[in-house]
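Counted from 1, the sequence shown has number 61 at position 68 by the numbering used here; the numbering is strictly sequential. We put the CB at the ideal spot given by N, CA and C, even for glycine.
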Amino acid sequence: MRSHLLNDTTTEHYRRSVTEGVERVAAQLASTDRPFTGVTVDDLAPRIDAIDLDQPLGDTTAVLDELEDVYLRDAVYFHHPRYLAHLNCPVVIPAVLGEVVLSAVNSSLDTWDQSAGGTLIERKLIDWTAARIGLGPAADGVFTSGGTQSNLQALLLAREETKTDELTKLRVFASEVSHFSVQKSAKLLGLGPDAVVVVPVDHDKRMQTVALAHELERCAEAGLIPMAVVATAGTTDFGSIDPLPEIAGLCEQYGAWMHVDAAYGCGLLASRKYRHRIDGIERADSVTVDYHKSFFQPVSSSAVLVRDAATLRHATYHAEYLNPRRMVTERIPNQVDKSLQTTRRFDALKLWMTLRVMGADGIGALFDEVCDLAAEGWKLLAADPRFDVVVEPSLSTLVFRYVPAAVTDPAEIDRANLYARKALFASGDAVVAGTKVSGRHHLKFTLLNPETTTADITAVLDLIAGHAEQYLGESLDRAC
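Here it is, written out as structure tokens:
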């Protein structure tokens, strides 16, 4: 069994195995003509259940054959131009190369003596991102597993900066379309059930600053503590961007920590065309970025950034076997001092490779393409009498609803939209997302693939309409 350990004596085995795996994936990508096969749980589960994990196949080729049957063939492929569902991007090749390297070397980014150059590369990328945001010379941060962890850490720092033990008095303000991780973080941080104050949004799904000011004033009058305001730069459902400068002003006025959840909108940091849409982000106390959304990186690749590096001390714990206090005075850079995680992958390498091959302008140009595509898609939807589109996009998301001319019952229209989404997924021809707007079912395109065209959008809209019309026709037949 030692022949399977990666070391100086098994490099040829490593080379052959990885090459064979890469060739299988490349062949699958080259032959994939739709984003999904339409396989069902009932079809796939028995194949996986039948595998006896205590009986190894012992051969890489045989294992890859099996993997093709239980995973590769039926995976949902985000690289396909008609995958239009969630915040999943196609990935760039330099980042995939970085993934190969970091997996083989297997550095752990918690301490210097486990990562060395990896520590410095991550720190350099944090400094680069903080500079792009404009947080100032005292800024710092750390890579995380994703936006949920980044938001949790930011709110942990905000809680500790209030310097109070009266957790029931703390309040967090977020818009009604902010990410669910705000509520989840509040619960994990031991805040009260009423801790998150939901602020209404305007027609463009942006936080209403007049309403925020009203809620902050109510908080102050009630003797409560405005712990943080979470502004969103790219909401999950709509891609909407809250009015950051106005929110920053209110945070300063009421002494609240300003956190910007830019997990989605962080792609604008590399944009030459649309960077102005997140003006005001530089005034934040903390920022969440997800490179695996709009920087075209493989999962996972995220970070939390803070204006004042000193606030990261709230996540610090010194263990004698790992990062004893003496290492601080010895100026040994241990990233675990800043992180909620201990063992942590060298995910920063993927972004490093991408920047060194493509440059920030290359990433930004790709993100600009999907923003431009969304603008064109909005025009198509606005001109199509079969659909109602909710809001003009700020990023690359379109939320809309099929509305048949002959049906007026909102519940029946809901069912038609739900059916169309399910039928489309089952066909494998395209994958779209869904959400609710004002209690009604809508469909959603999240456009993160520069290879997607307006022709793809038009074709998928026709498929949606066809499935919805089929449902309504069958529903009418049943009623008769």
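Buried versus exposed, by CB contacts within 10 Å (16 or more), residue i
i, result
"residue 459", "exposed"
"residue 158", "exposed"
"residue 22", "exposed"
"residue 252", "buried"
"residue 198", "buried"
"residue 399", "exposed"
"residue 70", "buried"
"residue 203", "exposed"
"residue 42", "exposed"
"residue 173", "exposed"
"residue 208", "buried"
Of the residues the options, the one placed nearest residue i, counting alpha carbons only
i, options, result
"residue 462", "411, 441 and 433", "411"
"residue 364", "268, 331 and 28", "268"
"residue 345", "376, 310 and 291", "291"
"residue 96", "259, 314, 293 and 130", "293"
"residue 231", "430, 153, 31 and 399", "430"
"residue 254", "357, 143, 322 and 416", "143"
"residue 432", "223, 361, 72 and 403", "403"
"residue 375", "439, 313 and 454", "454"
"residue 140", "368, 1, 256 and 456", "256"
"residue 243", "273, 386 and 387", "273"
"residue 224", "175, 263, 248 and 2", "175"
"residue 408", "184, 247 and 467", "467"
"residue 381", "387, 419, 435 and 333", "435"
"residue 13", "52, 24 and 33", "52"
"residue 336", "138, 94, 31 and 209", "138"
"residue 362", "72, 427 and 443", "443"
"residue 123", "299, 238, 416 and 340", "299"
"residue 78", "426, 45, 98 and 3", "426"
"residue 58", "100, 17 and 285", "17"
9 Å Cβ cutoff met for residue i and residue j
i, j, result
"residue 114", "residue 275", "no"
"residue 27", "residue 422", "yes"
"residue 328", "residue 168", "no"
"residue 136", "residue 261", "no"
"residue 366", "residue 445", "yes"
"residue 201", "residue 194", "yes"
"residue 424", "residue 76", "yes"
"residue 378", "residue 465", "no"
"residue 119", "residue 133", "yes"
"residue 283", "residue 259", "yes"
"residue 155", "residue 145", "no"
"residue 476", "residue 441", "This structure gives no information on residue 476, because the portion of the chain shown stretches from -6 to 473."
"residue 87", "residue 449", "no"
"residue 37", "residue 63", "yes"
"residue 406", "residue 394", "yes"
"residue 338", "residue 184", "no"
"residue 222", "residue 263", "no"
"residue 295", "residue 388", "no"
"residue 321", "residue 228", "no"
"residue 370", "residue 418", "no"
"residue 477", "residue 226", "The question about residue 477 has no answer, for the chain in this structure spans -6 to 473."
"residue 247", "residue 213", "yes"
"residue 30", "residue 72", "no"
"residue 333", "residue 447", "no"
Own chain, CB closer than 6 Å to residue i, minus 5 neighbours either side, in chain order
i, result
"residue 150", "304 and 307"
"residue 56", "50"
"residue 301", "131"
"residue 217", "162 and 164"
"residue 7", "-1"
"residue 386", "232, 367 and 371"
8 Å Cβ shell around residue i - same chain, five flanking residues per side excluded
i, result
"residue 473", "Per-residue confidence for residue 473 stands at a pLDDT of 47, beneath the threshold of 50, marking its modelled position as unreliable; no derived number is given."
"residue 318", "311"
"residue 240", "200, 202, 205, 222, 224, 251 and 273"
"residue 128", "275, 277, 280, 298, 299 and 300"
Neighbourhood of residue i by C-beta distance below 7 Å, restricted to the same chain and skipping five residues each side
i, result
"residue 85", "289, 347 and 351"
"residue 265", "354 and 357"
"residue 60", "none"
"residue 147", "252, 279, 281 and 297"
"residue 92", "291 and 343"
"residue 316", "104, 327, 329 and 330"
"residue 188", "163, 164, 165 and 179"
"residue -3", "none"
"residue 349", "none"
Practice prompt. Quick one: which unbroken alpha helix (DSSP H) runs of 4-plus residues sit fully inside the stretch 121 to 180? Chain order, please.
Written response: 140 to 154
Practice prompt. Could you name each continuous alpha helix (DSSP H) segment of 4 residues or more that falls completely within the stretch 18 to 58, going from the start of the chain to the end?
Written response: 34 to 42
Discussion item. Please give the ranges of any alpha helix (DSSP H) in the stretch 388 to 425, keeping only runs that are unbroken, at least 4 residues long and fully inside the region.
Written reply: 403 to 420
Item to complete: Can you check the stretch 258 to 313 for any beta strand (DSSP E) of at least 3 residues that lies completely inside it and give the ranges in chain order?
Response: 279 to 283 and 295 to 299
Discussion item. For a minimum of 4 consecutive residues, which ranges assigned as the alpha helix (DSSP H) are wholly contained in the stretch 182 to 265?
Written reply: 202 to 214 and 237 to 247
Fill in: Minimum length 4: unbroken alpha helix (DSSP H) runs contained in the stretch 306 to 380
319 to 322, 341 to 350 and 352 to 376
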